[in-house]
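The next block holds one structure in the form of structure tokens; read it before the comments.
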Amino acid sequence: MNETVIPAWEPHGKALLAYWNGNKKAKIAIYMDDGEHVLMPAKIYFRSPEDSPELEKIALEFCEGRVLDVGAGAGAHSLILEEMEFDVVAIDIDPIGADIMKKRGLSTVVCADFLNYKSKIKFDTLLFLMNGIGLAGTLDGLCSYLKHAYEITSKSGQIILDSSDLRISNPELNSKSNYFGEVNYQLSFEEEKGSKYQWLYIDPEKLEEQALLCNWNCEIVYEVEDGSYLARLTKV
């Protein structure tokens, strides 16, 4: 049977909805350019604080003031922050995920593209977890994200994000002509496949370089052996 091609993020939302409605085995297929794919259980987007990796626990400890949780998914991190009595806005581009977050009881949920989102009140922390900064897609896109982040944060505003240096697990990527962390993905759930989209994995050195160009200082605050890391960006 041929798969129906739908908007890029819709398979992700539909997998979350299936899990929410009782299909605890729902998985999202993530296809790479070479045709290979991996399966990601939808349940990780509903994980409890106890099930969260150490990197994410540390990230939440860095949060301050008013928080914008970007690419909030099903609201796992926003729910924890609300329990910690933070003022949180959960934003996600997928309307299905946004609706699930509302049903889960989050106080403020916004369905929007980050680059188009503006707030009358500045944020003190922007949170991009599960490599949420990957939404930027490319190095140029990252610059746009960082510039917009600067505009919507307070004078003492910060960005907390995690990403990965793909060369740790695949040294051959050093030979790529373009930046090795710019990849193309395609999501699928059941018989529906989303359109292709760009995703960014940025190594720590490149992040520090790009951040400074956009008036952000970058500090790597936690690293994992597999190449993933946690960074804190503060205004220059």
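Each residue of the sequence shown is one higher than the one before, starting from 1080 at the first, in my numbering.
Even glycine gets a Cβ: it sits at the ideal position worked out from N, Cα and C.
Residues near residue i by beta carbon distance below 6 Å, same chain, minus five either side
{"i": "THR1187", "result": "VAL1168"}
{"i": "SER1157", "result": "ASP1148, ALA1151, VAL1167, ALA1169, LEU1185"}
Residue i vs residue j beta-carbon contact at 8 Å
{"i": "SER1087", "j": "ALA1105", "result": "Ser is not the amino acid found at residue 1087; the sequence shown has Ala there. Going by C-beta atoms, ALA1087 is not nearer than 8 Å to ALA1105."}
{"i": "TYR1280", "j": "LEU1245", "result": "yes"}
{"i": "PHE1202", "j": "ARG1126", "result": "no"}
{"i": "GLN1277", "j": "THR1217", "result": "yes"}
{"i": "ILE1212", "j": "LEU1206", "result": "no"}
{"i": "LYS1314", "j": "TYR1258", "result": "no"}
{"i": "GLY1176", "j": "GLY1092", "result": "yes"}
{"i": "SER1248", "j": "ASP1305", "result": "yes"}
{"i": "ASP1173", "j": "ASN1210", "result": "no"}
{"i": "ILE1239", "j": "SER1198", "result": "no"}
{"i": "SER1047", "j": "LEU1096", "result": "Coverage of the chain is limited to positions 1080 through 1315, which leaves residue 1047 absent and any answer about it impossible."}
{"i": "LEU1194", "j": "SER1233", "result": "no"}
DSSP three-state assignment for residue i, whether helix, strand or coil
{"i": "ALA1155", "result": "helix"}
{"i": "PRO1174", "result": "helix"}
{"i": "MET1080", "result": "Residue confidence for MET1080 is low, a pLDDT of 48 falling below 50, so the modelled location carries little weight; the figure read from the coordinates is stated next. Here MET1080 sits in coil by DSSP."}
{"i": "GLU1129", "result": "helix"}
{"i": "ILE1299", "result": "strand"}
{"i": "ASN1195", "result": "helix"}
{"i": "GLU1304", "result": "coil"}
{"i": "TYR1124", "result": "helix"}
{"i": "LYS1104", "result": "coil"}
{"i": "LYS1182", "result": "helix"}
{"i": "GLY1211", "result": "helix"}
{"i": "GLU1143", "result": "coil"}
{"i": "ILE1109", "result": "strand"}
Close beta carbons around residue i, own chain, < 8 Å, minus the five adjacent residues each side
{"i": "ASP1113", "result": "none"}
{"i": "GLU1161", "result": "VAL1167, LEU1185, SER1186"}
{"i": "SER1274", "result": "VAL1084, ILE1085, PRO1086, ALA1087, GLN1265"}
{"i": "MET1080", "result": "Reliability fails at MET1080, whose pLDDT of 48 lies under 50, so the model's placement of it is uncertain and the value that follows must be treated cautiously. GLU1270, listed in sequence order."}
Residue i - containing alpha helix (DSSP H), residue span
{"i": "TRP1099", "result": "1089-1099"}
{"i": "LEU1225", "result": "1218-1231"}
{"i": "GLU1261", "result": "GLU1261 -> not in any alpha helix (DSSP H); beta strand (DSSP E) instead, spanning 1261-1268."}
{"i": "GLU1284", "result": "1283-1292"}
Neighbourhood of residue i by C-beta distance below 7 Å, restricted to the same chain and skipping five residues each side
{"i": "ILE1159", "result": "PRO1128, LEU1139"}
{"i": "PRO1090", "result": "ILE1107, LEU1266, SER1267, PHE1268, GLU1271, LYS1272, GLY1273"}
Opening and closing residue of the beta strand (DSSP E) in which residue i lies
{"i": "TYR1276", "result": "1276-1279"}
{"i": "GLY1273", "result": "1271-1273"}
{"i": "VAL1189", "result": "1188-1190"}
Taking one C-beta from the stretch 1182-1196 and one from the stretch 1156-1170 each time, how about it: are there three or more such pairs within less than 8 Å? yes
Inspect the CB distances between the stretch 1173-1184 and the stretch 1137-1146 and report whether three or more fall short of 8 Å. no
Report yes or no: do three or more beta-carbon pairs, one from the stretch 1291-1309 and one from the stretch 1117-1124, lie closer than 8 Å? no
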